[in-house]
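Colleague: The structure is given below, and queries will be raised subsequently.
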Ligand SMILES: NC(=O)c1ccc[n+]([C@@H]2O[C@H](COP(=O)([O-])OP(=O)(O)OC[C@H]3O[C@@H](n4cnc5c(N)ncnc54)[C@H](O)[C@@H]3O)[C@@H](O)[C@H]2O)c1
Ligand SMILES: [Zn+2]
């Protein structure tokens, strides 16, 4: 992993080298403004189609709207559907997009997943460039090539692996992001500290207020660091047959919470916040991690901001969703458990009774403990 670090303002280029594709993640203030230069340096040329959402286009997309054809999809998780895909494909046919065309995904994880998916199936696959506009998308979803939409049976059930040709992560576009969305990305970013990087974790402990206040330099450093870790993990396991699973730290219980709250009250990153607490407590119950480190993890999560209340979320629904996920997907629940700050292990051997206890504890705490504001 090579990351050139120069004083702010600067641009860092993080290479992702895979068997069948290679691309760069460019992180820096202004990279999204100079989009044409970066597209041409990546060997991409007209015609381009930008896929985004009205809210994002109004907030930070005026420049792009002047330069390219733009198509909007509705806001929210519900837009990750085959209906949206079908509408976009109609539009792409109407615009006569060819195999040489490039889709530009300008948005958060929802836009990135849908736009990546349509790019992967139109004419058996055309190029996609990701310009992530949420912190969560900059540190996670824009990198690694997972695309897809939801099915009523499960989230992200229909999808492909389709790597982008370029990722442009510009911290300036995050300025208009609502506070809750920004915090949601911080939880996902903290994940990288726990799974791989004690120094990153300590940055959260030391500089919480700089991160919370979106200090431009701190945000840029954070995005670059997380992107480099994700790139590194994806490079050693592109299709998630081994190491890449560590990125699911906090996601088993997290997904259960999201599903139990019907993807409405809890944001993805917030669910991962709770899910990381759950995984740390399971690790402690199995004697895999010291209590001191569990407390550090819980404190770091609480210091990011207030997690949403969990009143009304029923443990039966959370546990049911975890079981359902297991049935639909891998047949076993793989837990990513922390052993220390910066080190995790993946195990299918967690007694369900223990998961039940921990989930009940989290739901109980969710009525008060993590409501720090
Ligand atoms: N493909 C992957 O590897 C991967 C990884 C993690 C998450 N995901 C997916 O990502 C999705 C969640 O993504 P998300 O958290 O980015 O949510 P999101 O895409 O729904 O965006 C959150 C909200 O912020 C708004 N917004 C985005 N950028 C903005 C800006 N700059 N200014 C103002 N408003 C802005 C959006 O319109 C939306 O209302 C989930 O569907 C999840 O499954 C995918
Ligand atoms: Zn996630």
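Residue numbers (the working numbering): 10 to 382.
Cβ atoms here follow ideal geometry from the backbone N, Cα and C, with glycine treated the same way.
The beta strand (DSSP E) that contains residue 28, what's its start and end?
Modeller: Neither: residue 28 is in no beta strand (DSSP E) and is coded neither H nor E.
Colleague: My output table needs one value for residue 139: the three-state DSSP class, helix, strand or coil.
Modeller: Looking at residue 139 - three-state DSSP - the assignment turns out to be strand.
Colleague: For residue 283, does the three-state DSSP call read helix, strand or coil?
Modeller: DSSP places residue 283 in helix when its eight states are reduced to three.
Colleague: Compare the C-alpha of residue 263 against each of 83, 25, 282 and name the closest.
Modeller: Checking every option, the nearest Cα to that of residue 263 belongs to 282.
Colleague: Does the separation of the CB atoms of residue 298 and residue 225 fall below 8 Å?
Modeller: No, Cβ-Cβ distance for residue 298 and residue 225 is not below 8 Å.
Colleague: Within 10 angstroms of the Cβ of residue 173, are there 16 or more other Cβ atoms? Answer buried if so, exposed if not.
Modeller: Under this definition residue 173 is a buried residue.
Colleague: Could you check where the alpha helix (DSSP H) with residue 59 kicks off and where it finishes?
Modeller: Not the alpha helix (DSSP H): residue 59 falls in the beta strand (DSSP E), residues 57-61.
Colleague: Who's in the neighbourhood of ligand 2, going by beta-carbon under 6 Å from any heavy atom, listed in chain order?
Modeller: Qualifying residues come out as 149, 197, 260, 277, 281.
Colleague: Tell me whether residue 67 counts as near ligand 3, meaning its Cβ is closer than 7 Å to at least one heavy atom of that ligand.
Modeller: In the structure shown, ligand 3 is absent; the only ligands present are ligand 1 and ligand 2.
Colleague: Is the region 64-74 touching the region 90-97 in the sense that three or more CB pairs, one from each, lie closer than 8 Å?
Modeller: Not touching, per the Cβ criterion.
Colleague: Is residue 64 near ligand 1, judged by its Cβ being under 7 Å from some heavy atom?
Modeller: Flag set: Cβ of residue 64 near ligand 1.
Colleague: List the endpoints of the continuous beta strand (DSSP E) containing residue 51.
Modeller: Here residue 51 belongs to no beta strand (DSSP E), and DSSP marks it neither H nor E.
Colleague: What residues in its chain sit with their C-beta under 6 Å from that of residue 235, if we drop five residues either side in the sequence?
Modeller: Excluding positions up to five away in sequence, the list reads 148, 198, 201.
Colleague: Decide yes or no for the touch test of the region 351-369 against the region 283-294: beta carbon pairs closer than 8 Å, at least 3 of them.
Modeller: Flag = yes, the region 351-369 and the region 283-294 touch.
Colleague: Mind reading off the beta-carbon distance from residue 121 to residue 146? Whole number of angstroms is fine, and I expect it under 8 Å.
Modeller: 5 Å between Cβ atoms; contact.
Colleague: Excluding sequence positions up to five away, which residues of its chain have a Cβ less than 6 Å from the Cβ of residue 179?
Modeller: Excluding positions up to five away in sequence, the list reads 40, 41.
Colleague: Which value, in whole angstroms, describes the spacing of the CA atoms of residue 53 and residue 349?
Modeller: The straight-line gap from Cα to Cα measures roughly 43 Å.
Colleague: Can you tell me whether residue 208 is buried or exposed, with buried defined as 16 or more other CB within 10 angstroms of its CB?
Modeller: By the neighbour-count rule (16 or more Cβ atoms within 10 Å), residue 208 is not buried but exposed.
Colleague: Which partner residues of residue 77 appear in the DSSP bridge assignment?
Modeller: The partner list for residue 77 (beta bridge, DSSP) is empty, contrary to what the question assumes.
Colleague: Below 8 Å, can you find three or more Cβ-Cβ pairs linking the region 216-230 to the region 179-195?
Modeller: Touching, per the Cβ criterion.
Colleague: For residue 362 and residue 260, I'd like the C-alpha separation in whole angstroms.
Modeller: Distance between the alpha carbons of residue 362 and residue 260 is about 18 Å.
Colleague: Measuring CA to CA, which of 90, 83, 111, 105 is closest to residue 49?
Modeller: Nearest C-alpha to residue 49: 111.
Colleague: Consult DSSP for residue 161 and reduce its assignment to one of helix, strand or coil.
Modeller: Reduced to three states, the DSSP call for residue 161 is coil.
Colleague: Could you tell me whether the Cβ atoms of residue 309 and residue 214 are closer together than 8 Å?
Modeller: Going by C-beta atoms, residue 309 is nearer than 8 Å to residue 214.
Colleague: In chain order, what residues of the same chain have a beta carbon less than 6 Å from the beta carbon of residue 247, not counting five sequence neighbours either side?
Modeller: Around residue 247: 27.
Colleague: Go ahead and label residue 339 buried or exposed: buried means 16 or more other beta carbons lie within 10 angstroms of its beta carbon, across all protein chains shown.
Modeller: Exposed, since its Cβ has fewer than 16 Cβ neighbours within 10 Å.
Colleague: Quick one, are the C-beta atoms of residue 231 and residue 242 less than 8 Å apart?
Modeller: No. Outside cutoff.
Colleague: Contact between the region 53-62 and the region 274-281: three or more CB pairs below 8 Å?
Modeller: Counting Cβ pairs under 8 Å, fewer than three are found: no touch.
Colleague: Taking all protein chains shown into account, do 16 or more other C-beta atoms lie within 10 angstroms of the C-beta of residue 36, making it buried, or fewer, making it exposed?
Modeller: With 16 or more Cβ atoms within 10 Å of its Cβ, residue 36 is classed as buried.
Colleague: Let me confirm a value: residue 134 is counted as buried when at least 16 other C-beta atoms fall within 10 Å, else exposed. Which label applies?
Modeller: Residue 134 should be labelled exposed.
Colleague: Tell me the rounded alpha-carbon separation between residue 12 and residue 21.
Modeller: Reliability of the predicted coordinates at residue 12 is poor, the pLDDT of 45 falling under 50, and the value obtained from them is presented with this limitation in mind. Taking the straight line from one Cα to the other gives about 7 Å.
Colleague: May I ask which residues mark the beginning and end of the alpha helix (DSSP H) holding residue 130?
Modeller: It spans 118-130 - the alpha helix (DSSP H) in which residue 130 sits, taken as one unbroken run.
Colleague: Would you mind sorting residue 101 into buried or exposed? The rule is 16 or more other CB atoms within 10 Å of its CB.
Modeller: Buried.
Colleague: According to DSSP, is residue 261 helix, strand or coil?
Modeller: In the structure shown, residue 261 sits in a helix (DSSP, three-state: H, G or I).
Colleague: Less than 7 Å between the CB of residue 257 and some heavy atom of ligand 1, yes or no?
Modeller: No, Cβ of residue 257 sits at least 7 Å from all heavy atoms of ligand 1.
Colleague: Quick one: Cα of residue 273 to Cα of residue 376, how far?
Modeller: The alpha-carbon atoms of residue 273 and residue 376 are separated by roughly 17 Å.
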